[in-house]
DNA sequence: GGGTTTTCTGTGAACGTACACAGATTAGGT
DNA sequence: ACCTAATCTGTGTACGTTCACAGAAAACCC
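Residue numbers (UniProt numbering), protein chains in the order written: chain X, 1 to 340; chain V, 1 to 340.
Pasting the structure below:
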């Protein structure tokens, strides 16, 4: 009868040591290429590693080293973020680029339910990551408490959580909204409205605030349509509402590019030309901006840069450097295209 | 002089034991809520855990348990996938949903460079994950070899890697392309062309093959425009090429919804009406499909379902169940809207 | 050739947990 | 009151590394 070695155990550093006729210590030195190992020992060990198919066990390593060389990238509310938010991919890649350069493994953790929250909290607590980057749409995030309690090096991206000492990297939504609204006013529009979205989030509220800042005395509360989400369909609805309230409206600031695309659709339906009858500007400079006809004038959101800076912030903390208590705000250039 | 406990060491199970006046074993039983522990001990231990702020160390646990309760989700070529591929988010959420239900932590690993490939390979080797789901656009993926060598439970999603025994979950691109082309033919179109994209990938090549299958004798090689990527801009280019070759073209199968959106743009520019002059169908049923005017008739790709099945496949292997050697193909219903 | 430095190697302890085992206590049935 | 069974608890070992330390060997200098 033949015994089937259905699942052979993984080779350990000890197996390599006996195979090469040396001690564990010497093998360890070769694996982490430290000095003070003879040429003969080195070649023997390398051959042995190849022969037994040795790969170091990270769990054991991070247990004794007290670190994992990994940084978590937490995405909360993925339904809205992954499927609608065009920035998330850029942030992710920016963060990965920086972490990769320092040989940190980025692991993204998706939180999609209460169960996920608990599990991710356990994961973070368990020493599987040395730091964490959080992209959250929520003002108050239960995972924030866990991170604070663990004193885990962290960085928020997008906008800061309420009442949290954690550092963050973001953009100045209010100033950017003000800037692009002023630019729209300079085109000579007289009746400017806004489709404001996601007012329950900092970003949404700030964009509306920037809009009113820009209009000053000329602000007309009736020309603000409020919709729940940064989506195409909410853009359609919001624009329809504005047209009903003022058929002569000639300028619109949409809270996001997706909203702007929806507004464009509503205007087309209503027989208005853009930018002829109505000038419209968006926010994000996402892939939406070039998919519409005409292309959108919008505020560029430096997604990749946000990811990079967040990663640098976490790496800095890992190196023991003190980080600025205030958040970092990145520049948001205005991209002027054809829609206004 | 006051000593500042700048970074207090994390409490261990041993600290809890001392605090509660019991042994490590009993604490362990409480933490993993096993039976055979008295009510008094339990309350004392729970209080002690709270007091010293104990959180179990996963690295130590997975070292002794020889498993990590985590499954990797590898995304290769994120530039094209995250930013253009509308399916990735759905796959990710589907996989997470299933894994979450079994209390597995899903960790996504992004491969964006050679350096990343090596690091991810080390990460997988190191015992940080018990299994892996791979979403790759590449036919030949270096990470595949690593996984095979490690005998790590795995599942490919999208389409199978070449010459690999690893199980996969996907759709039948060829049959789906054939089906929707036939549906387009049934609308009475006489001169049907295709904007074929990404012919270096299985999906791209299969979609073209399905198209020629459907046309049979009526296939006209001149009416196939080949473009490199599944993108909007390539769609514009491809459609322009088709219009040049046959100005009377009245039906188009676009290799993806993004390509179809580009084609629509080109047709609008050329003054053709859709679906009046030209009928057009896409592939993916992505968010593009409802953003265009008119909405796209397309092949629905069950992204969420693909993720679910891939996760189930990996979980099955972890439970020791034998998996079907052949891949699993999911249904792809045709969604008929206004563009044809 | 003796002493000092440099290079190389092996050993034991530690990291924080789970688990098997043994021992102690309590409960249950005659 | 005794025996058996059930319940509860503590101890030692193992998981696979890294690191400090102690020696051994080689190299170098007067």
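The beta-carbon is built from N, C-alpha and C at its ideal position, and this holds for glycine as well.
Taking Cβ positions, are residue 132(X) and residue 309(X) nearer each other than 9 Å? no
Report the rounded CA-to-CA distance for residue 126(X) versus residue 335(X), giving the unit in angstroms. 44 Å
Look at residue 98(V) and residue 282(V) and say whether their C-beta atoms are less than 9 Å apart. no
Simplified DSSP assignment, three categories, for residue 116(V): helix
Using three-state DSSP, classify residue 338(X) as helix, strand or coil. coil
If the criterion is Cβ atoms closer than 9 Å, does the pair residue 298(X) and residue 260(X) meet it? yes
Report yes if the C-beta distance between residue 196(V) and residue 231(V) is below 9 Å; otherwise report no. no
Counting only Cβ-Cβ distances shorter than 8 Å, please list the residues of the UniProt domain "HTH lacI-type" (11-65) of chain V near chain X, keeping chain order. 53, 55, 56, 57, 58, 59, 60, 61, 62, 63
Looking at the structure shown, is residue 14(V) part of a helix, part of a strand, or coil, going by DSSP? helix
Three or more C-beta pairs below 8 Å linking the segment 67-77 of chain X and the segment 100-108 of chain X: yes
Would you say residue 293(X) lies against chain V (beta-carbon separation less than 9 Å)? yes
Residue 201(X) to residue 188(X), Cα distance in whole Å? 31 Å
Between the beta-carbon of residue 75(X) and the beta-carbon of residue 113(X), is there less than 9 Å? no
I'd like to know if residue 246(X) contacts chain V, where contact means its C-beta is closer than 9 Å to some C-beta of that chain. no
State yes or no: is the C-beta of residue 158(V) within less than 9 Å of the C-beta of residue 176(V)? no
Name, in chain order, the residues that DSSP records as bridge partners for residue 76(V). 111(V)
Residue from 49(V), 43(V), 123(V) with nearest C-alpha to residue 73(V): 123(V)
Outcome for residue 237(X) when other beta-carbon atoms lying within 10 angstroms are tallied against a minimum of 16: buried
List in chain order: all unbroken beta strand (DSSP E) runs of 3+ residues lying wholly within the segment 200-274 of chain X. 224-227, 251-254
Kindly indicate the opening and closing residues of the beta strand (DSSP E) around residue 305(V). Segment 303-318 is the alpha helix (DSSP H) holding residue 305(V); no beta strand (DSSP E) there.
Interface positions of the segment 179-211 of chain V facing chain X (Cβ-Cβ less than 9 Å), listed along the chain: none
Starting from residue 144(V), find everything on chain X with Cβ-Cβ shorter than 9 Å and list it in chain order. Those within 9 Å of residue 144(V) in chain X number zero; the least Cβ separation is about 16 Å.
Any residues in the segment 103-128 of chain X with a beta carbon nearer than 8 Å to a beta carbon of chain V? Which ones, in chain order? 103, 105, 106, 107, 108, 109, 110, 112, 113, 115, 116, 119, 120, 122, 123, 125, 126, 127, 128
Ordered along the chain, which non-local residues of its own chain (more than five positions away) have a Cβ less than 7 Å from that of residue 53(V)? 11
Residues of chain V with CB closer than 7 Å to the CB of residue 232(X), please, in chain order. 291
Suppose the cutoff is 7 Å on Cβ atoms and the five residues either side in sequence are ignored; what does the same chain contact list for residue 305(V) look like? 94, 330
Just curious, the beta strand (DSSP E) that residue 184(X) is in, first and last residue? Counting along the chain, residue 184(X) falls outside any beta strand (DSSP E), though it belongs to the alpha helix (DSSP H) covering 173-185.
In or out: residue 343(X) buried (at least 16 other Cβ within 10 Å) or exposed? Because chain X spans 1 through 340 in this model, residue 343(X) falls outside it and cannot be assessed.
Would you list, in sequence order, the uninterrupted beta strand (DSSP E) runs of no fewer than 3 residues that lie entirely inside the UniProt domain "HTH lacI-type" (11-65) of chain V? none
Distance, Cα to Cα, residue 117(X) vs residue 49(V)? 20 Å
If you follow the beta strand (DSSP E) that residue 154(X) is part of, which residue opens it and which one closes it? 154-158
Does residue 296(X) come out as helix, strand or coil in the three-state DSSP assignment? coil
Excluding the 5 residues flanking residue 181(V) on each side, which residues of the same chain have their C-beta closer than 6 Å to its C-beta? 211, 214, 253
Would you mind working out which of 87(X), 64(X), 152(X), 338(X) sits nearest residue 256(X), comparing C-alpha positions? 87(X)
Closer than 7 Å at the beta carbon, the chain V residues around residue 96(X): 110, 112
Buried or exposed for residue 43(X), going by 16 or more other Cβ atoms inside 10 Å? exposed
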